[in-house]
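Input: a single structure, listed below in structure tokens.
Number of protein chains: 2
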Amino acid sequence: MILDTVRQAIKRYRMLDKGDKVLIGVSGGPDSVSLLYILSALRKELKLNLHIAHLDHMLRADSAKDREFVEGLARRLKIPVISESIDVMRLAEKGSLEEIAREARLAFFFRTAKKIRADKIALGHTRDDQAETILMRIIRGSGLYGLSGILPKRKIAGFQVIRPLIEVPRRQIAAFLKKKKAAARQDPSNLEDIYFRNRVRNKLLPLLREQYNPNIGELLANMAQGVAADYEYLNAAAGKALLRLKKGGSRGKVDLDLKGFLKLHPAIQRLVLRLAVSDLAGSTRRLTFQHIKEIEDLIFNRPVNSVVDLPRGVCIVKKKQVLAVFIKQK
Amino acid sequence: MILDTVRQAIKRYRMLDKGDKVLIGVSGGPDSVSLLYILSALRKELKLNLHIAHLDHMLRADSAKDREFVEGLARRLKIPVISESIDVMRLAEKGSLEEIAREARLAFFFRTAKKIRADKIALGHTRDDQAETILMRIIRGSGLYGLSGILPKRKIAGFQVIRPLIEVPRRQIAAFLKKKKAAARQDPSNLEDIYFRNRVRNKLLPLLREQYNPNIGELLANMAQGVAADYEYLNAAAGKALLRLKKGGSRGKVDLDLKGFLKLHPAIQRLVLRLAVSDLAGSTRRLTFQHIKEIEDLIFNRPVNSVVDLPRGVCIVKKKQVLAVFIKQK
Numbered sequence: 011m012i013l014d015t016v017r018q019a020i021k022r023y024r025m026l027d028k029g030d031k032v033l034i035g036v037s038g039g040p041d042s043v044s045l046l047y048i049l050s051a052l053r054k055e056l057k058l059n060l061h062i063a064h065l066d067h068m069l070r071a072d073s074a075k076d077r078e079f080v081e082g083l084a085r086r087l088k089i090p091v092i093s094e095s096i097d098v099m100r101l102a103e104k105g106s107l108e109e110i111a112r113e114a115r116l117a118f119f120f121r122t123a124k125k126i127r128a129d130k131i132a133l134g135h136t137r138d139d140q141a142e143t144i145l146m147r148i149i150r151g152s153g154l155y156g157l158s159g160i161l162p163k164r165k166i167a168g169f170q171v172i173r174p175l176i177e178v179p180r181r182q183i184a185a186f187l188k189k190k191k192a193a194a195r196q197d198p199s200n201l202e203d204i205y206f207r208n209r210v211r212n213k214l215l216p217l218l219r220e221q222y223n224p225n226i227g228e229l230l231a232n233m234a235q236g237v238a239a240d241y242e243y244l245n246a247a248a249g250k251a252l253l254r255l256k257k258g259g260s261r262g263k264v265d266l267d268l269k270g271f272l273k274l275h276p277a278i279q280r281l282v283l284r285l286a287v288s289d290l291a292g293s294t295r296r297l298t299f300q301h302i303k304e305i306e307d308l309i310f311n312r313p314v315n316s317v318v319d320l321p322r323g324v325c326i327v328k329k330k331q332v333l334a335v336f337i338k339q340k
Numbered sequence: 011m012i013l014d015t016v017r018q019a020i021k022r023y024r025m026l027d028k029g030d031k032v033l034i035g036v037s038g039g040p041d042s043v044s045l046l047y048i049l050s051a052l053r054k055e056l057k058l059n060l061h062i063a064h065l066d067h068m069l070r071a072d073s074a075k076d077r078e079f080v081e082g083l084a085r086r087l088k089i090p091v092i093s094e095s096i097d098v099m100r101l102a103e104k105g106s107l108e109e110i111a112r113e114a115r116l117a118f119f120f121r122t123a124k125k126i127r128a129d130k131i132a133l134g135h136t137r138d139d140q141a142e143t144i145l146m147r148i149i150r151g152s153g154l155y156g157l158s159g160i161l162p163k164r165k166i167a168g169f170q171v172i173r174p175l176i177e178v179p180r181r182q183i184a185a186f187l188k189k190k191k192a193a194a195r196q197d198p199s200n201l202e203d204i205y206f207r208n209r210v211r212n213k214l215l216p217l218l219r220e221q222y223n224p225n226i227g228e229l230l231a232n233m234a235q236g237v238a239a240d241y242e243y244l245n246a247a248a249g250k251a252l253l254r255l256k257k258g259g260s261r262g263k264v265d266l267d268l269k270g271f272l273k274l275h276p277a278i279q280r281l282v283l284r285l286a287v288s289d290l291a292g293s294t295r296r297l298t299f300q301h302i303k304e305i306e307d308l309i310f311n312r313p314v315n316s317v318v319d320l321p322r323g324v325c326i327v328k329k330k331q332v333l334a335v336f337i338k339q340k
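So the protein lines, in turn, are chains G and X. Note that the first sequence covers residues 11 to 340 in the working numbering. Note that the second sequence covers residues 11 to 340 in the working numbering.
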């Protein structure tokens, strides 16, 4: 059953091609261990060339045991493993520990995938991770991009990241491991500042499931699937509009034709602004609905030469004919 | 403050034009009574010609007192009032009471608006109604359309319906009435099957506000605002695609060019299917994500002449060159 769900998801999202070299991120927790077993079971059928990457974040005293566990598992399954240890706590002196840990992990995966020339990086996110992510984004405020949740297949920094378990509910994972009599380490997600996710996982989602709708997990996942397609379409339209509106600009600066911008549909206007900021700042994290509202106020109501300051040092100035978006010099 | 919020919303969504004849739906509850006071305060400024419509659903023994209350208020404010009583319970022998009550109320508003030649129908939905609606739709499963929530301005059956209070939180309503020393009847929303909405209103939303994010109401409203624009853009694109793909058809039937359909983006494919069904069946209520998935399976995987049955007697048959969508003869 779990194998069928994964096979279907792999097919639907074209996650894997025959002969792919796949780097599997394995923390040692139930999700990634199941992913490892499942891809290992599909290895012949899909002619996969599997490798394992394990990062020891050194956040718990016994984290080395996770590493030993994963390395033992790799030996038994005859899959090469690349491990590394990084003192994430020391990196995280400033900023969110969860964020830093995530970035360190991804950087390690990318480094390793490059070294072994992997075609894909496979991660163990489940349908429950999907549901939690969407609820968190709803609670913290989100637009279409956030409501797309975790994408089944996504290019990050040039690497193809796939989530074969994205349609598998977590309870099936536990049942799968039990049936296989396979062990896994504790889910290593008790970092301080993923407290919010833990509350959503352990309190809010069960409450919604028990008292409001038993199918909430599936429905949130369906919603994400639909919204992701909608977002993709809109984003492509906005990308084309952005290209059309660009009137020169240089490194760290882009000028958008104001007259053309005003002719766009409001939905595309907002996405064009997001894309322009993302191009300059590398991401739109921390760009909120309030910022977008302020930019709209700048464009529609304020006089020429008015300025809006955005996170990550991005600045927008309304000129007579263009909207100038640039990174402020420090 | 509440007046400013309403003024801004009226301006942003172009709800009212000078000289408009506006029919205000007034139940007698705090929301619609506040709406009445506010529009009455804006009457001169916007040169409004106000009328009141009150429907007595006869669902409570003392519902006639709501009617008397509203008629008294109308006299004091010197606004003409049209009241009617309908035994909704008798209409609702089959089907959902909430649904029937809503339909009876809307039909009464439309009938009355037509009679007095009103330009707009104003209803008292608040930002809290918006937040509840979106949460309910998330919990029950929804796509972009549902996540758009309650639209500030929307044409229904040819009538322009506006919601001037859509950005006003309910706590401001209570404060407004208290300050004005104005009375209102109990909110008459204790129908049996709006139990679900009441749970969302009285339990879930307060829980999210207190334990997860104090700004949840505003964030959900922002989300709805963004998503509504996105949906409008996509829906317009799908409408154009549908026109292009129509290969004849007759009353109760439409043929869609299959080859052209397959070239569309998946997001537009789904919306085209929804629009085609909506054109035939009058609405897409009860059309779920599972139905859309089944249609996609029909199109992509099943042999020619396969059939999918949908709610409201709609049928889809895959032919060699077209997708035939029609209402089944009984």
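Built from N, CA and C at the ideal position, the CB exists for glycine as well.
| Query | Result |
| --- | --- |
| Span of the beta strand (DSSP E) around X:Glu-55 | Note, X:Glu-55: premise wrong, no beta strand (DSSP E); not H, not E. |
| Span separating the alpha-carbon of X:Arg-17 from that of G:Ala-185 | 57 Å |
| Which residues DSSP lists as bridging G:Arg-164, in chain order | G:Val-171 |
| C-beta neighbour in chain G for X:Glu-232, strict 7 Å | Sequence check: residue 232 of chain X is Asn here, not Glu. With 7 Å as the cut-off, X:Asn-232 counts as an interface residue toward chain G. |
| Proximal residues to X:Glu-202 (C-beta, below 7 Å), its chain only, five neighbours per side dropped | For X:Glu-202, the pLDDT reaches just 46, beneath the cut-off of 50, and the residue's location in the model is therefore unreliable, although a value from the coordinates is still provided. Only Leu-107 meet the Cβ criterion. |
| Inter-stretch contact (C-beta, 8 Å, three-pair minimum) for the stretch 144 to 164 of chain G and the stretch 220 to 238 of chain X | yes |
| Sequence ranges, alpha helix (DSSP H) only - wholly within the stretch 26 to 113 of chain X, length at least 4 | 40 to 51, 73 to 87, 98 to 101 |
| Backbone CA spacing between G:Ala-51 and G:Ile-183 [nearest angstrom] | 15 Å |
| Environment of G:Val-332 [buried if 16+ CB atoms lie within 10 Å] | buried |
| Bridge-paired residues (DSSP) for X:Phe-336 | X:Lys-263, X:Cys-325 |
| Minimum Cβ-Cβ distance from G:Glu-202 to chain X less than 7 Å | Because G:Glu-202 sits at a pLDDT of 46, beneath the cut-off of 50, its placement in the model cannot be relied upon, and the following sentence gives the value as read from the coordinates. No, no contact with chain X. |
| Length of the line joining the Cα atoms of G:Ile-172 and X:Arg-164 | 41 Å |
| Spatial neighbours of X:Thr-122 in its chain, beta-carbon cut-off 7 Å, leaving aside the 5 residues before and after | Leu-33, Ala-63, Ile-92 |
| Beta carbon proximity, G:Asn-212 to chain X, threshold 7 Å | no |
| Any chain G beta carbon closer than 7 Å to X:Tyr-222 | yes |
| Nearest-angstrom beta carbon gap, G:Val-335 and G:Leu-266 [assumed within contact, 8 Å] | 7 Å |
| Under 7 Å between C-beta atoms of X:Phe-79 and X:Arg-195 | yes |
| Host beta strand (DSSP E) of X:Ala-132 (start-end) | 130 to 132 |
| Those residues which DSSP pairs with X:Asp-14 across a bridge | None; X:Asp-14 has no bridge partner. |
| Given 8 Å, three or more beta-carbon pairs between the stretch 68 to 77 of chain X and the stretch 43 to 50 of chain X | no |
| Paired residues, beta bridge with G:Lys-256 - DSSP | G:Leu-266 |
| For X:Asp-138, three-class secondary structure by DSSP | helix |
| Proximity test, Cβ basis, 7 Å: X:Gly-82 and chain G | no |
| Residues of the stretch 132 to 165 of chain G with Cβ closer than 8 Å to any Cβ of chain X, in chain order | Ile-148, Ile-149, Arg-150, Gly-151, Ser-152, Gly-153, Leu-154, Leu-157 |
| Endpoints, alpha helix (DSSP H) assigned at G:Ala-282 | Note that residue 282 of chain G is Val in the sequence shown here, rather than Ala. 276 to 291 is the span of the alpha helix (DSSP H), which, as asked, contains G:Val-282. |
| Beta-bridge pairing of X:Val-317 - partner residues as DSSP gives them | X:Val-327 |
| Whether X:Tyr-241 touches X:Ser-158 by CB criterion (7 Å) | yes |
| Cβ pair count under 8 Å reaching 3, the stretch 250 to 261 of chain X against the stretch 280 to 298 of chain X | yes |
| Integer-rounded CB distance, given that G:Phe-206 should sit under 8 Å from X:Asn-232 | Not a contact, Cβ separation roughly 20 Å. |
| Any C-beta of chain G under 7 Å from that of X:Gln-18 | no |
| Under 7 Å between C-beta atoms of G:Arg-322 and G:Ala-291 | yes |
| Any chain X beta carbon closer than 7 Å to G:Phe-299 | yes |
| Start and end residues, alpha helix (DSSP H) containing X:Asn-311 | 299 to 311 |
| Whether G:Ile-144 touches G:Ala-234 by CB criterion (7 Å) | yes |
| Straight-line gap, X:Leu-217 to G:Leu-230 (C-alpha atoms, nearest Å) | 20 Å |
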